[in-house]
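So the sequences go chain by chain: A and B. Residues in the first sequence are numbered consecutively from 29, following this note's numbering. Residues in the second sequence are numbered consecutively from 29, following this note's numbering. Ideal Cβ placement from N, Cα and C applies to all residues, glycine included. Report on the structure given below.
There are 2 protein chains.
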Amino acid sequence: MTTQSFEKFTAFLHGKSLRATTVRESIVKAVMARKGHFNMDELVRDLRAQGVEASRATVYRVMPLLVKAGIVQPTVVSGKIHHYETAFGHKHHDHLICGECGKVVEFHFEAFEILQREVAAKHGFELTSHYHELIGVCPDCRARRRPRES
Amino acid sequence: MTTQSFEKFTAFLHGKSLRATTVRESIVKAVMARKGHFNMDELVRDLRAQGVEASRATVYRVMPLLVKAGIVQPTVVSGKIHHYETAFGHKHHDHLICGECGKVVEFHFEAFEILQREVAAKHGFELTSHYHELIGVCPDCRARRRPRES
DNA sequence: CTTCATGCAAAAGATTTGCAAGTTC
DNA sequence: GAACTTGCAAATCTTTTGCATGAAG
Numbered sequence: 029m030t031t032q033s034f035e036k037f038t039a040f041l042h043g044k045s046l047r048a049t050t051v052r053e054s055i056v057k058a059v060m061a062r063k064g065h066f067n068m069d070e071l072v073r074d075l076r077a078q079g080v081e082a083s084r085a086t087v088y089r090v091m092p093l094l095v096k097a098g099i100v101q102p103t104v105v106s107g108k109i110h111h112y113e114t115a116f117g118h119k120h121h122d123h124l125i126c127g128e129c130g131k132v133v134e135f136h137f138e139a140f141e142i143l144q145r146e147v148a149a150k151h152g153f154e155l156t157s158h159y160h161e162l163i164g165v166c167p168d169c170r171a172r173r174r175p176r177e178s
Numbered sequence: 029m030t031t032q033s034f035e036k037f038t039a040f041l042h043g044k045s046l047r048a049t050t051v052r053e054s055i056v057k058a059v060m061a062r063k064g065h066f067n068m069d070e071l072v073r074d075l076r077a078q079g080v081e082a083s084r085a086t087v088y089r090v091m092p093l094l095v096k097a098g099i100v101q102p103t104v105v106s107g108k109i110h111h112y113e114t115a116f117g118h119k120h121h122d123h124l125i126c127g128e129c130g131k132v133v134e135f136h137f138e139a140f141e142i143l144q145r146e147v148a149a150k151h152g153f154e155l156t157s158h159y160h161e162l163i164g165v166c167p168d169c170r171a172r173r174r175p176r177e178s
């Protein structure tokens with residue numbers, strides 16, 4: 029998977045007489061290992077965790093190339109990139125987050141996807157991605173909150 | 029309307045022994061005069077246009093108060109405030125955003141709310157709020173993209 | 001007159017860019 | 001070896017904060 033992606037990227041780079049460097053390979057790997065949305069900071073953290081010392085400036089310079097190569101897709105709102113996500117390869121899921129302890133539960137519910145496409149279509153939009161997080165209180169925190177409720 | 033909002037804000041402020049100042053009144057007015065979504069920069073521009081010389085720092089400090097007072101509602105994406113909108117005068121809605129030109133279409137689809145509660149309940153969560161933004165390409169941008177597609 | 005608000009300037013965080021040195025082809 | 005990349009540091013931009021001064025209650 030990862031290798032395949034880097035090969036795709038290499039082909040893209042060579043087509044533009046750009047170089048397929050080791051740093052770029054590391055970045056592609058880190059990106060492909062990501063699931064769901066991620067931002068610059070999370071990506072850099074991942075790289076650091078893997079011992080890759082790519083400077084932020086480099087990552088900032090490489091991301092647009094990955095976008096042009098069709099490997100990642102950015103969500104751009106008002107001219108700014110809010111987050112990226114890999115353009116293929118993983119199942120999509122949304123998040124249910126506990127606003128008190130921060131616990132995150134991933135879920136996938138096809139009905140949402142269907143309705144989302146329906147809404148987009150109704151307005152003539154071509155849907156490219158979505159941001160869907162449910163915020164609530166998890167069972168543990170609810171128990172903690174009401175220790176002795178009847 | 030405007031006056032009414034400032035009174036609401038005044039009540040909120042006094043309840044917390046904070047001051048109802050003229051600068052704050054100007055900010056509430058500017059906010060209420062806004063229709064739809066706006067960001068910090070647009071708001072400050074509006075203030076400047078009305079001859080109000082509130083410093084950015086002050087506006088940045090006042091907005092959280094307006095949020096707490098229930099006068100404006102922020103849309104938060106990835107932990108950052110993407111935009112604000114006045115909290116009343118319109119029903120709850122989600123957003124369909126054009127990733128290319130930034131156009132925002134509001135929609136309300138009860139089925140989403142029902143399914144969201146269902147998902148939360150399935151995991152034992154008590155749902156408190158949600159972020160739901162659909163990102164896509166609007167009809168205009170699609171046309172612009174493919175000028176002469178069959 | 002006490003407490004809070006404001007403006008300014010400095011600080012902090014995020015992203016971009018110029019430049020010299022290191023790599024890729 | 002030529003052209004492209006990288007890291008660093010400096011430059012921008014956006015948002016936050018400390019502090020002395022000015023206003024509200």
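Residue i - containing alpha helix (DSSP H), residue span
i      : result
B:S83  : Per DSSP, B:S83 belongs to no alpha helix (DSSP H) and is neither H nor E.
A:L143 : 138 to 150
A:T50  : 50 to 61
Interface flag, residue i vs chain B, CB-CB below 7 Å
i      : result
A:H151 : yes
A:F40  : no
A:H158 : yes
A:T114 : no
A:K36  : no
A:L71  : no
A:S178 : At A:S178, the pLDDT of 41 sits below 50, so the modelled position is not reliable and the matter cannot be decided from this model.
A:F66  : no
A:E154 : yes
A:V51  : no
A:L124 : yes
A:V132 : no
A:V95  : no
A:V147 : yes
Whole-angstrom distance between residue j and residue i, CA atom to CA atom
i      : j      : result
B:H65  : B:Y112 : 6 Å
B:S178 : A:L143 : Note that B:S178 scores a pLDDT of 40, beneath 50, so its modelled location is shaky; the value from the coordinates is reported in the next line. In a straight line, the C-alpha of B:S178 is about 28 Å away from that of A:L143.
B:G43  : B:A61  : 25 Å
B:I109 : B:D74  : 19 Å
B:F137 : A:F140 : 11 Å
A:F37  : A:R89  : 15 Å
B:R47  : B:C126 : 40 Å
A:V51  : A:H121 : 29 Å
A:L93  : B:V147 : 37 Å
B:M91  : B:S83  : 13 Å
A:V59  : B:F40  : 46 Å
B:Y159 : B:T103 : 8 Å
A:P123 : A:K131 : Here residue 123 of chain A turns out to be His, not Pro, going by the sequence shown. About 10 Å.
A:Q78  : B:S45  : 51 Å
Opposing strand residues paired with residue i [DSSP bridges]
i     : result
B:E70 : Bridge partners of B:E70: none, in fact.
A:V2  : Absent from the structure is residue 2 of chain A, since the part of chain A shown begins at 29 and ends at 178.
Limits of the beta strand (DSSP E) - the one that residue i falls within
i      : result
A:S157 : 154 to 165
A:H120 : Here A:H120 belongs to no beta strand (DSSP E), and DSSP marks it neither H nor E.
7 Å Cβ cutoff, residue i in contact with chain A
i      : result
B:R170 : yes
B:P92  : no
B:A85  : no
B:I142 : no
B:Y88  : no
B:V100 : no
B:I163 : yes
B:A179 : Absent from the structure is residue 179 of chain B, since the part of chain B shown begins at 29 and ends at 178.
B:F139 : The sequence shown places Ala at residue 139 of chain B, not Phe. It does: the Cβ of B:A139 has a partner Cβ on chain A nearer than 7 Å.
Take every Cβ of the region 151 to 159 of chain A, pair it with every Cβ of the region 161 to 173 of chain B, and state whether three or more of those distances are shorter than 8 Å. yes
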